[in-house]
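For reference, the structure is listed below as C-alpha coordinates.
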Amino acid sequence: MESETWTITELAERAGAVLADEPAEVNGRVRDLPNERLIRWYTTIGLVDPPLGRRGRVALYGRRHLLQLVAIKRRQAAGRSIAEIQLELAGAPDTALGEIAGLPGPGSEERDDRFWAARPAADIAFRPAVVAEVTAPVTVPALRLAPGVTLVLDGLALTPTDLAAIGAAARPLIDALLDRGLIPHSADDVPGRHP
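Note that full-length UniProt numbering numbers the sequence shown so that position 115 is 115, with each residue one more than the last.
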(Lines of atoms letter the chains of each structure in order from A and count residues from 1; the text may use other names and numbers.)
(Lines give C-alpha, C1' and ligand atoms only; values in the text may rest on other atoms or scores of the structure.)
Protein backbone atom coordinates (compact mmCIF):
# COMPACT_ATOMS: atom_id res chain seq x y z
CA MET A 1 0.00 0.00 0.00
CA GLU A 2 1.19 3.50 -0.76
CA SER A 3 2.42 5.77 2.02
CA GLU A 4 -0.40 8.30 1.54
CA THR A 5 -3.97 7.23 0.91
CA TRP A 6 -7.24 9.10 0.58
CA THR A 7 -10.94 8.36 0.69
CA ILE A 8 -12.89 8.79 -2.54
CA THR A 9 -14.09 12.21 -1.31
CA GLU A 10 -10.53 13.32 -0.55
CA LEU A 11 -9.36 12.02 -3.94
CA ALA A 12 -12.08 14.02 -5.71
CA GLU A 13 -11.10 17.12 -3.72
CA ARG A 14 -7.39 16.73 -4.58
CA ALA A 15 -8.13 16.24 -8.27
CA GLY A 16 -10.51 19.20 -8.16
CA ALA A 17 -7.85 21.39 -6.55
CA VAL A 18 -5.34 20.52 -9.29
CA LEU A 19 -7.86 21.09 -12.08
CA ALA A 20 -9.50 24.20 -10.58
CA ASP A 21 -6.44 26.34 -11.27
CA GLU A 22 -7.03 26.20 -15.01
CA PRO A 23 -9.84 27.74 -17.02
CA ALA A 24 -12.22 25.03 -18.18
CA GLU A 25 -13.78 24.67 -21.59
CA VAL A 26 -17.55 24.71 -21.28
CA ASN A 27 -18.86 21.41 -22.58
CA GLY A 28 -22.34 20.20 -21.68
CA ARG A 29 -21.25 16.57 -21.97
CA VAL A 30 -18.09 16.67 -19.84
CA ARG A 31 -17.94 17.43 -16.14
CA ASP A 32 -14.97 19.71 -15.41
CA LEU A 33 -14.19 18.38 -11.93
CA PRO A 34 -14.49 14.71 -10.94
CA ASN A 35 -16.92 13.71 -8.20
CA GLU A 36 -17.36 10.42 -6.34
CA ARG A 37 -19.90 9.05 -8.80
CA LEU A 38 -17.66 9.84 -11.79
CA ILE A 39 -14.64 8.23 -10.09
CA ARG A 40 -16.69 5.06 -9.50
CA TRP A 41 -17.79 5.05 -13.15
CA TYR A 42 -14.20 5.52 -14.38
CA THR A 43 -13.21 2.56 -12.17
CA THR A 44 -16.03 0.44 -13.59
CA ILE A 45 -14.91 1.06 -17.18
CA GLY A 46 -11.23 0.51 -16.32
CA LEU A 47 -10.00 4.09 -16.74
CA VAL A 48 -9.13 4.35 -13.04
CA ASP A 49 -7.61 1.47 -11.06
CA PRO A 50 -9.70 -0.13 -8.31
CA PRO A 51 -9.03 1.15 -4.77
CA LEU A 52 -5.75 0.18 -3.13
CA GLY A 53 -7.59 -1.39 -0.24
CA ARG A 54 -10.14 -0.66 2.42
CA ARG A 55 -10.26 0.66 5.96
CA GLY A 56 -13.42 -1.05 7.11
CA ARG A 57 -15.99 -0.15 4.46
CA VAL A 58 -14.07 2.90 3.25
CA ALA A 59 -12.14 2.50 -0.03
CA LEU A 60 -8.64 3.97 -0.11
CA TYR A 61 -6.98 5.62 -3.11
CA GLY A 62 -3.42 6.79 -3.78
CA ARG A 63 -1.26 8.93 -6.02
CA ARG A 64 -1.74 6.78 -9.15
CA HIS A 65 -5.50 7.33 -8.90
CA LEU A 66 -4.93 11.09 -8.73
CA LEU A 67 -2.67 10.94 -11.79
CA GLN A 68 -5.28 8.92 -13.69
CA LEU A 69 -8.12 11.33 -12.84
CA VAL A 70 -6.20 14.46 -13.77
CA ALA A 71 -4.87 12.87 -16.99
CA ILE A 72 -8.40 11.83 -18.00
CA LYS A 73 -9.79 15.31 -17.39
CA ARG A 74 -6.90 16.94 -19.27
CA ARG A 75 -7.52 14.69 -22.27
CA GLN A 76 -11.27 15.40 -22.14
CA ALA A 77 -10.56 19.12 -22.01
CA ALA A 78 -8.48 18.64 -25.17
CA GLY A 79 -11.56 17.17 -26.88
CA ARG A 80 -10.70 13.47 -26.66
CA SER A 81 -13.50 10.91 -26.34
CA ILE A 82 -13.61 8.34 -23.55
CA ALA A 83 -12.77 5.61 -26.11
CA GLU A 84 -9.67 7.51 -27.26
CA ILE A 85 -8.65 8.10 -23.65
CA GLN A 86 -9.08 4.39 -22.87
CA LEU A 87 -6.84 3.46 -25.78
CA GLU A 88 -4.17 5.91 -24.71
CA LEU A 89 -4.19 5.50 -20.93
CA ALA A 90 -4.98 1.80 -20.39
CA GLY A 91 -1.96 0.41 -18.57
CA ALA A 92 0.03 3.64 -18.81
CA PRO A 93 2.87 3.82 -16.29
CA ASP A 94 2.84 6.51 -13.60
CA THR A 95 5.53 8.51 -15.40
CA ALA A 96 3.38 8.83 -18.55
CA LEU A 97 0.28 9.65 -16.50
CA GLY A 98 2.28 12.29 -14.61
CA GLU A 99 3.40 13.91 -17.85
CA ILE A 100 -0.15 14.05 -19.20
CA ALA A 101 -1.53 15.25 -15.87
CA GLY A 102 1.21 17.85 -15.56
CA LEU A 103 2.06 16.68 -12.05
CA PRO A 104 5.67 16.05 -11.05
CA GLY A 105 6.54 12.83 -9.27
CA PRO A 106 6.71 12.96 -5.48
CA GLY A 107 10.49 12.57 -5.82
CA SER A 108 12.48 12.88 -9.01
CA GLU A 109 14.37 9.71 -8.14
CA GLU A 110 11.23 7.71 -7.29
CA ARG A 111 11.09 4.33 -8.98
CA ASP A 112 8.10 2.40 -10.21
CA ASP A 113 8.69 -1.02 -8.59
CA ARG A 114 5.85 -2.77 -10.40
CA PHE A 115 7.65 -5.54 -12.34
CA TRP A 116 5.33 -5.25 -15.34
CA ALA A 117 5.98 -1.52 -15.70
CA ALA A 118 9.80 -1.78 -15.68
CA ARG A 119 11.47 -0.44 -18.78
CA PRO A 120 13.52 -2.84 -20.86
CA ALA A 121 17.27 -2.37 -21.18
CA ALA A 122 16.84 -0.44 -24.43
CA ASP A 123 14.84 2.19 -22.47
CA ILE A 124 11.86 2.10 -24.77
CA ALA A 125 9.54 5.00 -23.95
CA PHE A 126 5.81 4.54 -23.40
CA ARG A 127 3.97 5.20 -26.63
CA PRO A 128 0.24 5.77 -26.49
CA ALA A 129 -1.88 3.97 -29.04
CA VAL A 130 -2.20 5.83 -32.32
CA VAL A 131 -5.83 6.62 -32.94
CA ALA A 132 -6.97 7.21 -36.49
CA GLU A 133 -9.65 9.77 -37.12
CA VAL A 134 -12.59 8.67 -35.03
CA THR A 135 -15.97 9.60 -36.37
CA ALA A 136 -18.07 7.66 -33.86
CA PRO A 137 -17.45 6.52 -30.30
CA VAL A 138 -15.59 3.22 -30.10
CA THR A 139 -16.33 0.72 -27.37
CA VAL A 140 -13.27 -1.15 -26.19
CA PRO A 141 -14.29 -4.48 -24.64
CA ALA A 142 -12.59 -5.36 -21.40
CA LEU A 143 -12.77 -8.33 -19.08
CA ARG A 144 -12.23 -7.84 -15.34
CA LEU A 145 -10.10 -10.87 -14.36
CA ALA A 146 -9.84 -9.92 -10.69
CA PRO A 147 -10.06 -6.77 -8.61
CA GLY A 148 -7.32 -4.55 -10.03
CA VAL A 149 -6.73 -6.66 -13.15
CA THR A 150 -8.54 -5.88 -16.41
CA LEU A 151 -7.83 -7.42 -19.80
CA VAL A 152 -8.61 -5.11 -22.73
CA LEU A 153 -9.53 -6.97 -25.92
CA ASP A 154 -9.79 -4.59 -28.82
CA GLY A 155 -12.07 -5.71 -31.63
CA LEU A 156 -12.97 -9.16 -30.31
CA ALA A 157 -16.42 -10.64 -29.75
CA LEU A 158 -16.29 -13.14 -26.90
CA THR A 159 -18.51 -16.15 -26.33
CA PRO A 160 -19.15 -17.69 -22.90
CA THR A 161 -16.69 -20.46 -23.87
CA ASP A 162 -14.06 -17.81 -24.68
CA LEU A 163 -14.64 -16.13 -21.31
CA ALA A 164 -14.25 -19.45 -19.47
CA ALA A 165 -11.02 -20.25 -21.35
CA ILE A 166 -9.58 -16.78 -20.66
CA GLY A 167 -10.50 -17.10 -16.98
CA ALA A 168 -8.78 -20.48 -16.72
CA ALA A 169 -5.69 -19.23 -18.57
CA ALA A 170 -5.50 -16.12 -16.37
CA ARG A 171 -5.50 -18.03 -13.06
CA PRO A 172 -1.68 -18.45 -12.91
CA LEU A 173 -1.23 -14.72 -13.55
CA ILE A 174 -3.79 -13.79 -10.89
CA ASP A 175 -2.13 -16.24 -8.46
CA ALA A 176 1.28 -14.64 -9.12
CA LEU A 177 -0.12 -11.12 -8.63
CA LEU A 178 -1.83 -12.14 -5.38
CA ASP A 179 1.25 -13.97 -4.11
CA ARG A 180 3.43 -10.89 -4.77
CA GLY A 181 0.86 -8.61 -3.11
CA LEU A 182 0.38 -6.64 -6.34
CA ILE A 183 -3.40 -6.69 -6.29
CA PRO A 184 -5.15 -5.41 -3.20
CA HIS A 185 -7.79 -8.04 -2.49
CA SER A 186 -7.71 -11.46 -0.87
CA ALA A 187 -7.81 -14.74 -2.74
CA ASP A 188 -11.49 -15.06 -1.75
CA ASP A 189 -12.33 -12.33 -4.28
CA VAL A 190 -10.83 -14.23 -7.23
CA PRO A 191 -12.98 -16.91 -8.86
CA GLY A 192 -11.22 -20.28 -9.06
CA ARG A 193 -8.42 -19.32 -6.64
CA HIS A 194 -7.76 -21.98 -4.03
CA PRO A 195 -5.44 -20.85 -1.21
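Beta carbons are placed, not taken as given, at the ideal position from N, Cα and C, and that holds for glycine.
Same chain only: Cβ atoms within 7 Å of residue i, ignoring 5 sequence neighbours per side
| i | result |
| --- | --- |
| V70 | A15, V18, L19, A101, L103 |
As assigned by DSSP and simplified to three states, the class of residue i
| i | result |
| --- | --- |
| R57 | coil |
| T159 | coil |
| A142 | strand |
| L87 | helix |
| V152 | strand |
| A20 | helix |
Cβ-based burial, residue i [other Cβ within 10 Å; buried from 16]
| i | result |
| --- | --- |
| R40 | exposed |
| E10 | exposed |
| D162 | exposed |
| A92 | buried |
| R54 | exposed |
| L52 | buried |
| R57 | exposed |
| D179 | exposed |
Own chain, CB closer than 6 Å to residue i, minus 5 neighbours either side, in chain order
| i | result |
| --- | --- |
| A170 | L145 |
| L177 | I183 |
| T150 | G46, A142, R144 |
| L173 | none |
Contacting residues, own chain, Cβ-Cβ under 8 Å from residue i (five flanking each side not counted)
| i | result |
| --- | --- |
| N35 | A12 |
| E4 | G62, R63 |
| R80 | E88 |
Rounded distance between the beta-carbons of residue j and residue i, thought under 8 Å
| i | j | result |
| --- | --- | --- |
| V48 | Q68 | 5 Å |
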